[in-house]
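What the sequence shown shows, in the numbering used here, is residues 51 to 173, in sequence order.
Everything on this sheet refers to the single structure shown next.
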Amino acid sequence: CGSPNPQWASVSLGTFFCLNCSGQHRGLGVHISFVRSISMDKWSLEQVKRMELGGNAKANAFFRSQPDYKDGMSIKDKYNSRFAELWRQKLTAECEGRAWTAPPAGSTVSPPARSNTASPALL
Numbered sequence: 051c052g053s054p055n056p057q058w059a060s061v062s063l064g065t066f067f068c069l070n071c072s073g074q075h076r077g078l079g080v081h082i083s084f085v086r087s088i089s090m091d092k093w094s095l096e097q098v099k100r101m102e103l104g105g106n107a108k109a110n111a112f113f114r115s116q117p118d119y120k121d122g123m124s125i126k127d128k129y130n131s132r133f134a135e136l137w138r139q140k141l142t143a144e145c146e147g148r149a150w151t152a153p154p155a156g157s158t159v160s161p162p163a164r165s166n167t168a169s170p171a172l173l
C-alpha cells in the first residue's frame, strides 16, 4: 500500500507492510504469507536472511515482470497467484544458495514440500 515506516512483514514473501495490510496477509494463511511484527516478534536468522534477500522493490519488480500480473490486483489474488509462488520459490532458492530457473510459462507451479519460513533458532 506504500505506507511509510511499515511495522509488519511477510517472511514468506520477504516484504514489509502496514498494520492494515498485515491483517489481510494473515487472512491468506501462513502457507501463503507468514506474517511477523518487525518489533514484537522473535526472528530466526533464516527469517532475517529472507528479508535481507527479498524486499518490496525486488518482489514488485519480479511481479511486474510476470505475464499474469495486473496493476490493482486484490491482495488475495496477487499472493495466491502463480507469480507469487514463483517469487517465494526464487527467494527460498536464494536463501539456500541454490540457483533458480523459472519454469516455462504456462506450466503448473506447486508450492515446495517444506516451507522455509520457520526455524527453532530465534534471535
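Even glycine gets a Cβ: it sits at the ideal position worked out from N, Cα and C.
Because the structure is a prediction, the values reported are computed rather than measured.
With 16 other Cβ atoms within 10 Å as the buried cut-off, status of residue i
i	result
A155	exposed
L95	exposed
A134	buried
S62	buried
S160	exposed
R164	Low confidence applies here, because R164 scores a pLDDT of 46, under 50, leaving its location unreliable and the question unanswered by this model.
Reference residue i; option with closest CA among the options
i	options	result
S53	D121, N106 and K126	N106
L69	I82, V80 and C51	C51
F67	H81, K99 and A109	A109
R132	P153, E146, A149 and D91	P153
S157	L136, V98 and K140	L136
Residue i and residue j closer than 8 Å at C-beta
i	j	result
R76	A59	no
I82	Y119	no
D104	G64	The sequence given here places Gly at residue 104; Asp does not occur at that position. For G104 and G64, yes; Cβs fall inside 8 Å.
(message) Which runs of the alpha helix (DSSP H) at least 4 residues long sit entirely within the stretch 70 to 144? Give them in chain order.
(response) 95 to 103, 106 to 114 and 125 to 129
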